[in-house]
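Take the sequence shown: its position 71, counting from 1, is numbered 71 in the numbering used here, and each next residue is one higher. Here's the structure, in structure tokens; my notes come after.
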Amino acid sequence: MVTHYSDATPHIGSPRMTVIGTGYLGATHAICMAVLGFEVLGLDVDPAKVEALASGRVPFFEPGLPEKLREALDSGRLRFTTSFDEAAAFGDVHFICVGTPQQPGSHAADLRYVDSAFTELATRITRKVLLVGKSTVPIGTAARLTELVHSVSPIGDELELAWNPEFLREGFAVEDTLHPDRLVFGVSSEWAEAQLRRAFGPILDEGTPLVVADTATAELVKVAANSFLATKISYINAMAEVCEATGADVNLLASALSFDDRIGGRFLKPGLGFGGGCLPKDIRAFRARAEELGVGAAVAFLGEVDAINIRRRTRTVDLARELAGGSLAGVRIAALGAAFKPNSDDVRDAPALDVARMLYLEGAMVTVYDPEANVNAHRVYPDLDFADSLDEAVTDADVVMLLTEWDEFRQADPVELGELVSARRIVDGRHALDATRYREAGWEYRALGRPSVAATMALPQHARDAVA
Ligand code: UGA
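And the structure:
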């Protein structure tokens, strides 16, 4: 069933919401809540972000979000501000969505923005409202913040705090926010639960599963979920390493495993591994917090998950070196993709960009092309060359590297590409291309965990078809 919210009008007595922090999570949450019919005030300390959003411009790439922003602004229910005074006076439910990056020189999460947002609000709050954390935080943060806000707020212990973790994926942010697969409310009272039930009324009315828990469990759900996903990806990539040592094919392996419902095929895609602003930092912060809590041994395996993931990047560089004949010095490489995944312009801890940088440091002449992330990638690594199109990137390349599986790259014609390059050699870092088509077009095709052509040709025909 498709639900149309565009005509939504605020229900009598609907909570007025503020959303503190208008980055990826906050901007999406603020926009979607307004689309659902609530009065929303978004706050950011960065006037440029506020100005962009207020004038209808989403300051990052997210399919479908600009249209929703326009809809929300046109409805008159969404505004933006830099003023905590205004936010504190306006909101009945305040969602705190600021970032929790990795601390410099440590694996722990940097909570300075979270602490500051809660403090700024709490010191200005003079009536009973609910503060709701959505940021990904170490377990125990909500309990610590509860004490903090009680000590600084004019209403003291009356001020309540809840935790509502967010599970949205970049590239699917609107869908995941309007139609999440579950909601988790971490609360300390029935009153807080009732406020959240009203705030998420339209989503709960769709039959979305809800788990009501204490705040520690709610905090843990988020890091446990991301750790599980990271573990699943590293598991199949570890199997890819075993495949390489044995001549087995990890794609066939993943396919065979996926038919077991208990395992399933999602997040079992081998390749260059995970990156982005969430999975890598979350598993590290989880380990750091578990150590503090005296249960480091319970999640020590996440160190291996991280190590397997990082090895994907060096092994991908190894493949390029092998294809180039043993040295990367002076080799012209087309690096296709820079974003940490397709349909995103996010280059935080992006495996693609990391590989491009490592190739460059070994003396390769690297030209990067990403349909959306060139600007962000150039900001991070200005030494790399950037092309404006796929054709420009691959022209005269000695080796082509597929590093982010954008549709544009998956759909490219290997015959046409082959006419542009100086040598038909390709590393498929994301297992996203049709190996047979590339090989038939004269390409030397390599992918981690898959046998090279010599090994493949030794297989019977039906197995060769399956490998492709
Ligand atoms: C992730 C989670 O999936 C969200 O549920 C969560 O809300 C979010 O982090 C967060 O903490 O905010 P996201 O970082 O947008 O979402 O990206 P994913 O779709 O999870 O992909 C993460 C990385 O894993 C990407 O680099 C992707 O290329 C890689 N990946 C994914 C694989 O290498 N193999 C797979 O099979 C799947």
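For each residue, glycine too, the CB sits at the ideal point set by N, CA and C.
{"query": "Cβ shell of V212 (< 7 Å), same chain only, five flanking positions each side left out", "result": "F185, V187 and E193"}
{"query": "Heavy atom of ligand 1 within 7 Å of I351 beta-carbon", "result": "With the sequence shown as reference, residue 351 is identified as Pro, and Ile is not the correct amino acid for it. P351: yes, Cβ under 7 Å from ligand 1."}
{"query": "Nearest-angstrom Cβ-Cβ length linking A356 and A335, presumed shorter than 8 Å", "result": "4 Å"}
{"query": "Alpha helix (DSSP H) segments (min. 4 residues) lying fully within the region 385 to 449", "result": "390 to 394, 407 to 410, 414 to 420 and 435 to 440"}
{"query": "Three-state secondary structure assigned by DSSP to F38", "result": "coil"}
{"query": "Environment of E419 [buried if 16+ CB atoms lie within 10 Å]", "result": "exposed"}
{"query": "Anticipated Cβ contact below 8 Å, I155 with R124, distance rounded", "result": "Rounded, the Cβ-Cβ distance is 11 Å, inconsistent with contact."}
{"query": "Separation of R284 from S14, as counted between CA atoms", "result": "39 Å"}
{"query": "Distance cut-off 7 Å: F340 Cβ against heavy atoms of ligand 1", "result": "yes"}
{"query": "C-alpha distance - L53 paired with R112, whole-angstrom precision", "result": "24 Å"}
{"query": "Runs of alpha helix (DSSP H) lying entirely within the region 243 to 300, each at least 4 residues, in chain order", "result": "250 to 258 and 279 to 292"}
{"query": "L268, buried or exposed, once every other Cβ within 10 Å from all chains shown has been counted against 16", "result": "buried"}
{"query": "Contacting residues, own chain, Cβ-Cβ under 6 Å from I310 (five flanking each side not counted)", "result": "none"}
{"query": "Check: L279 C-beta below 7 Å from any heavy atom of ligand 1", "result": "yes"}
{"query": "Whole-angstrom distance between H94 and P10, CA atom to CA atom", "result": "Only weak support is given to the placement of P10: the predicted model assigns it a pLDDT of 49, under 50, and the value that follows is read from those uncertain coordinates. One C-alpha to the other measures close to 17 Å."}
{"query": "Near ligand 1: E408 beta-carbon under 7 Å from a heavy atom", "result": "no"}
{"query": "Rounded distance between the beta-carbons of A338 and D370, thought under 8 Å", "result": "4 Å"}
{"query": "Whole-number beta carbon distance between V19 and V40, since they are thought to touch under 8 Å", "result": "6 Å"}
{"query": "Classification of T246 by the beta-carbon crowding that lies within 10 angstroms, buried from 16 upward", "result": "exposed"}
{"query": "L402 CB to nearest heavy atom of ligand 1 below 7 Å", "result": "no"}
{"query": "Endpoints, the beta strand (DSSP E) within which I96 is located", "result": "V93 to I96"}
{"query": "Distance, I203 Cα to A48 Cα", "result": "31 Å"}
{"query": "Contacting residues, own chain, Cβ-Cβ under 7 Å from Y360 (five flanking each side not counted)", "result": "V366, D383 and L384"}
{"query": "Backbone secondary structure at Y24 - three-state DSSP", "result": "helix"}
{"query": "DSSP-derived helix/strand/coil call for V19", "result": "strand"}
{"query": "S227 vs L302 beta-carbon contact at 8 Å", "result": "yes"}
{"query": "For I333, the three-state DSSP class (helix, strand or coil)", "result": "strand"}
{"query": "Helix, strand or coil at G133 [DSSP, three-state]", "result": "strand"}
{"query": "Simplified DSSP assignment, three categories, for R79", "result": "strand"}
{"query": "N-terminal and C-terminal residue of the alpha helix (DSSP H) that V347 is part of", "result": "Counting along the chain, V347 falls outside any alpha helix (DSSP H), and DSSP gives it neither H nor E."}
{"query": "Alpha carbon of V242 to alpha carbon of L210, nearest angstrom", "result": "40 Å"}
{"query": "Classification of H431 by the beta-carbon crowding that lies within 10 angstroms, buried from 16 upward", "result": "buried"}
{"query": "Same chain, Cβ closer than 6 Å to I308, neighbours up to 5 away in sequence not counted", "result": "S234, N237 and A238"}
{"query": "Coil, strand or helix - V184 by DSSP", "result": "strand"}
{"query": "Helix, strand or coil at S14 [DSSP, three-state]", "result": "coil"}
{"query": "Buried/exposed call for F259, threshold 16 Cβ in 10 Å", "result": "exposed"}
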